[in-house]
Amino acid sequence: MSDTTSPAQGPSRTRIVAIAVILALILIAGVYALMDRSVPSSARGIVSAHVVQIAPRVSGTVTEVNVSDDVIVEAGDPLFSLDPRPLKLAVAQAEANLASALQNVDASSALIVAAQVAVTQARTALDNTRTEAERTFKLEERGIVAAARGDQARTAVAEAEAALDGAEANLRSAQAQLGPEGEDNPAFQAAAAQLEQAQYDLASTTVRAQHLGAVTNLTLSEGQFIGAGSPALTFVDAEAGWITVDLRENQLQKVEAGDPAHVLFDALPGRIFNGRVQSVAWGIAPGRNVQGGLVVNQTAKTWFEPARSIPVRIELEGGMEDWPYAARVGGKAHAVIFATSEHGPLALIARGLQRLRSWTSFLH
1 MSDTTSPAQG PSRTRIVAIA VILALILIAG VYALMDRSVP SSARGIVSAH
51 VVQIAPRVSG TVTEVNVSDD VIVEAGDPLF SLDPRPLKLA VAQAEANLAS
101 ALQNVDASSA LIVAAQVAVT QARTALDNTR TEAERTFKLE ERGIVAAARG
151 DQARTAVAEA EAALDGAEAN LRSAQAQLGP EGEDNPAFQA AAAQLEQAQY
201 DLASTTVRAQ HLGAVTNLTL SEGQFIGAGS PALTFVDAEA GWITVDLREN
251 QLQKVEAGDP AHVLFDALPG RIFNGRVQSV AWGIAPGRNV QGGLVVNQTA
301 KTWFEPARSI PVRIELEGGM EDWPYAARVG GKAHAVIFAT SEHGPLALIA
351 RGLQRLRSWT SFLH
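Numbers 1 to 364, taken from UniProt numbering, label the letters of the sequence shown in order.
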């Protein structure tokens with residue numbers, strides 16, 4: 001009896017094991033697909049911050065380097081200084097130009113005063129000449145004086161009128177040359193602006209940190225000449241930091257700004273930090289360059305088109321005050337985003353997997 005049933009039990013057990021394995025694989029695939037949408041995760045995270053190239057506004061020779069490589073500086077701390085002597089001379093020249101402009105304005109004002117006096121004198125002379133001429137004309141009408149005296153009086157009035165016209169023309173010319181008086185004068189304003197620019201350039205010979213941050217890639221040395229706008233050192237802004245995580249497009253269906261996240265840094269194994277999604281990028285470069293108005297064909301090198309990744313920005317809770325010191329720009333990070341819930345079964349699985357990863361990160 002046992003000999004006839006044993007062969008049947010063998011294949012039956014094999015089928016059960018095979019079916020169980022298949023069902024387990026289907027279950028794992030289903031859970032993986034659900035987790036990809038509810039609690040997406042990625043090990044392709046990068047520590048990011050504002051990294052800027054510090055360059056001087058003016059050209060000059062480096063006279064002092066106030067920092068060393070990879071140091072922390074506060075806002076307002078001097079980084080390096082340039083030779084101020086050429087710009088001090090520029091300030092002195094601008095001050096002289098301003099004084100000259102003011103002197104010219106004063107001189108032009110004096111000319112206007114003189115022209116106004118000349119107009120007053122010419123008008124007074126014309127009035128006196130007209131008064132005398134009217135007397136002469138009355139005597140001429142009565143035949144007391146000769147006609148030649150009347151002609152002389154008429155000539156004198158015409159000359160006085162011409163003198164008044166000339167004085168008024170000189171006054172208008174002086175006023176036009178001077179323009180507005182005092183600080184409203186365009187020549188004075190231009191000279192004042194040049195002085196302010198020269199003073200600003202002189203102050204720019206000392207380059208200072210604009211924010212709290214770190215200096216890196218420092219290659220400056222005393223005696224080196226550096227041009228305006230030429231990068232002198234790299235500055236990492238410590239007032240803003242975030243984690244950039246690449247997620248596949250099908251992982252972004254439920255991800256929104258404000259979703260909670262857990263972040264694990266390779267530099268800090270065993271520790272998990274709380275964070276939130278700050279933003280999801282609106283686009284990436286597809287890698288298709290346009291030449292001559294036509295899209296360049298991308299030759300397929302694989303059977304399946306690789307999934308494209310969209311950057312997601314995550315910020316840590318607590319801001320920069322709680323930012324871990326060991327997490328440096330460019331460092332690797334692993335992130336889990338709880339797009340639906342932090343407490344469901346899928347979230348618990350994701351938490352457990354990330355906790356396991358935090359322990360294993362000690363090994364690599």
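Glycine included, each C-beta is placed from N, C-alpha and C at the ideal position. Just so we're clear, the structure is a prediction, and the values are computed from it rather than from any experiment.
> Nearest-angstrom Cα distance between residue 101 and residue 57?
Replying inline: To locate residue 101, count along the sequence shown from 1; it is residue 101. To locate residue 57, count along the sequence shown from 1; it is residue 57. Each residue's Cα considered, the two are about 28 Å apart.
>> Give the list of continuous beta strand (DSSP E) stretches no shorter than 3 residues that lie fully inside the UniProt domain "CusB-like beta-barrel" (242 to 281).
In response: Within the UniProt domain "CusB-like beta-barrel" (242 to 281), the complete beta strand (DSSP E) segments of 3 residues or longer fall at 260 to 265 and 272 to 280, listed in chain order.
>> Using only the alpha-carbon positions, how far apart do residue 141 and residue 157 sit?
In response: Within the sequence shown, numbered from 1, the residue matching residue 141 stands at position 141. Within the sequence shown, numbered from 1, the residue matching residue 157 stands at position 157. Each residue's Cα considered, the two are about 18 Å apart.
> By DSSP, does residue 230 sit in helix, in strand, or in coil?
Replying inline: Position 230 of the sequence shown, counted from the first residue, corresponds to residue 230. Coil.
>> Looking at residue 272: is its Cβ nearer than 8 Å to the Cβ of residue 310?
In response: By one-based count along the sequence shown, residue 272 stands at place 272. By one-based count along the sequence shown, residue 310 stands at place 310. By the CB criterion at 8 Å, residue 272 and residue 310 fall outside the cutoff.
> Roughly how many whole angstroms lie between the Cα atoms of residue 64 and residue 193?
Replying inline: Taking the sequence shown and counting its residues from 1, the one referred to as residue 64 is at position 64. Taking the sequence shown and counting its residues from 1, the one referred to as residue 193 is at position 193. The C-alpha of residue 193 is placed about 29 Å away from the C-alpha of residue 64.
> According to DSSP, is residue 237 helix, strand or coil?
Replying inline: Position 237 of the sequence shown holds residue 237. Here residue 237 sits in strand by DSSP.
> Mind checking whether residue 215 and residue 51 have CB atoms under 8 Å apart?
Replying inline: Walking along the sequence shown from the start, residue 215 turns up at place 215. Walking along the sequence shown from the start, residue 51 turns up at place 51. Not a contact, by the Cβ cut-off of 8 Å.
> Could you check where the beta strand (DSSP E) with residue 206 kicks off and where it finishes?
Replying inline: Your numbering for residue 206 matches position 206 in the sequence shown. Unbroken beta strand (DSSP E) run through residue 206: 206 to 208.
>> Quick check: the Cα distance between residue 161 and residue 126, rounded to an integer number of angstroms?
In response: Taking the first residue of the sequence shown as 1, we reach residue 161 at position 161. Taking the first residue of the sequence shown as 1, we reach residue 126 at position 126. Straight-line Cα distance between these residues: approximately 6 Å.
> What are the boundary residues of the alpha helix (DSSP H) that residue 53 is part of?
Replying inline: If you number the sequence shown from 1, residue 53 lands on position 53. First-last for residue 53: 41 to 54, but that is the beta strand (DSSP E), not the alpha helix (DSSP H).
> By a C-beta neighbour count over all protein chains shown, 10 Å radius and 16 as the cutoff for buried, is residue 4 buried or exposed?
Replying inline: Taking the first residue of the sequence shown as position 1, residue 4 is located at position 4. Here residue 4 scores only 49 on pLDDT, less than 50, and its place in the model should not be relied on; the value that follows carries that caveat. Answer is exposed; the Cβ neighbour count stays below 16.
>> Taking the beta strand (DSSP E) that residue 81 belongs to, which residues open and close that run?
In response: Here the question's residue 81 lines up with position 81 in the sequence shown. Start and end: 78 to 82.
> Helix, strand or coil for residue 215 per DSSP?
Replying inline: In the sequence shown, residue 215 corresponds to position 215, counting from 1. Residue 215 falls in the strand class under three-state DSSP.
> Can you round the beta-carbon distance between residue 268 and residue 195 to whole angstroms, since I take them to be within the 8 Å contact cut?
Replying inline: Taking the sequence shown and counting its residues from 1, the one referred to as residue 268 is at position 268. Taking the sequence shown and counting its residues from 1, the one referred to as residue 195 is at position 195. About 54 Å; that fails the 8 Å criterion.
>> Here's a check: name, in chain order, each residue in its chain whose Cβ is nearer than 8 Å to the Cβ of residue 333, leaving out the five neighbours to either side.
In response: For the purposes of this step, residue 333 is taken as the residue at position 333 of the sequence shown. The answer, listed in chain order, is 45, 46, 47, 243, 245, 263, 264, 265, 266 and 327.
>> Three or more C-beta pairs under 8 Å: does that hold for the segment 10 to 28 against the segment 217 to 234?
In response: Too few Cβ pairs lie closer than 8 Å, so no.
> Roughly how many angstroms lie between the CA atoms of residue 280 and residue 256, to the nearest whole one?
Replying inline: Along the sequence shown, one-based indexing puts residue 280 at 280. Along the sequence shown, one-based indexing puts residue 256 at 256. About 7 Å.
> So, helix, strand or coil for residue 324, using DSSP?
Replying inline: As a position in the sequence shown, residue 324 is number 324, starting the count at 1. In the three-state DSSP reduction, residue 324 falls in the coil class, being neither helix nor strand.
> What residues are listed by DSSP as bridge partners for residue 309?
Replying inline: As a first step, residue 309 is located in the sequence shown; it is residue number 309 there, counting from the start. BP columns for residue 309 point to 248.
> For residue 62, which of helix, strand or coil comes out of DSSP?
Replying inline: Translated into the one-based positions of the sequence shown, residue 62 becomes position 62. Residue 62 sits in a strand when the DSSP states are folded into three classes.
> Under the three-state reduction of DSSP, which class applies to residue 338: helix, strand or coil?
Replying inline: In the sequence shown, residue 338 corresponds to position 338, counting from 1. The answer is coil: DSSP assigns residue 338 none of H, G, I, E or B.
> Who are the Cβ neighbours of residue 351 in its own chain at under 8 Å, not counting the five residues just before and after it?
Replying inline: One-based indexing of the sequence shown puts residue 351 at position 351. Correct list, in chain order: 262 and 336.
> Taking the Cβ atom as the reference point for each residue, do residue 241 and residue 323 lie within a distance shorter than 8 Å?
Replying inline: Position 241 of the sequence shown, counted from the first residue, corresponds to residue 241. Position 323 of the sequence shown, counted from the first residue, corresponds to residue 323. Yes, they are a contact pair.
> Tell me which same chain residues have a C-beta within less than 8 Å of the C-beta of residue 35, skipping the five on either side of it?
Replying inline: Taking the sequence shown and counting its residues from 1, one reaches residue 35 at position 35. Closer than 8 Å at Cβ, skipping near neighbours: 41, 346, 349 and 350.
>> For residue 278, tell me which candidate among 206, 188 and 312 has the shortest Cα-Cα distance.
In response: Taking the first residue of the sequence shown as 1, we reach residue 278 at position 278. Selected option, being the one with the closest Cα: 312.
> Whole-angstrom Cβ separation of residue 122 and residue 163, contact assumed at under 8 Å?
Replying inline: Position 122 of the sequence shown, counting from 1, holds the residue named residue 122. Position 163 of the sequence shown, counting from 1, holds the residue named residue 163. Contact between residue 122 and residue 163 holds, with the beta-carbon distance rounding to 5 Å and staying under 8 Å.
> Taking all protein chains shown into account, do 16 or more other C-beta atoms lie within 10 angstroms of the C-beta of residue 54, making it buried, or fewer, making it exposed?
Replying inline: On the sequence shown, residue 54 is found 54 positions in, with the first residue counted as 1. So residue 54 counts as buried.
> Comparing alpha-carbon positions, which option in 18, 23 and 32 lies nearest residue 353?
Replying inline: Along the sequence shown, one-based indexing puts residue 353 at 353. Taking only the C-alpha atoms, the option nearest residue 353 is 32.
> For the alpha helix (DSSP H) that residue 349 lies in, which residues bound it at each end?
Replying inline: On the sequence shown, position 349 is the one that residue 349 refers to. Counted as a single uninterrupted DSSP element, the alpha helix (DSSP H) harbouring residue 349 occupies residues 345 to 360.
> If you run the structure through DSSP and keep just helix, strand and coil, what is residue 168?
Replying inline: The count along the sequence shown starts at 1 and reaches residue 168 at position 168. Per DSSP, reduced to three states, the secondary structure at residue 168 is helical.
> Just reading off the beta strand (DSSP E) that residue 73 is part of, what are its end residues?
Replying inline: Start at 1 with the first residue of the sequence shown, and residue 73 comes out as number 73. Looking at the DSSP string, the run of the beta strand (DSSP E) that includes residue 73 is 71 to 73.
> In this structure, does DSSP put residue 317 in helix, strand or coil?
Replying inline: For the purposes of this step, residue 317 is taken as residue 317 along the sequence shown, with counting starting at 1. Reduced to three states, the DSSP call for residue 317 is coil.
>> What does the Cβ neighbour count give for residue 315, buried or exposed, with the cut at 16 atoms within 10 Å?
In response: On the sequence shown, position 315 is the one that residue 315 refers to. With 16 or more other Cβ atoms within 10 Å, it is buried.
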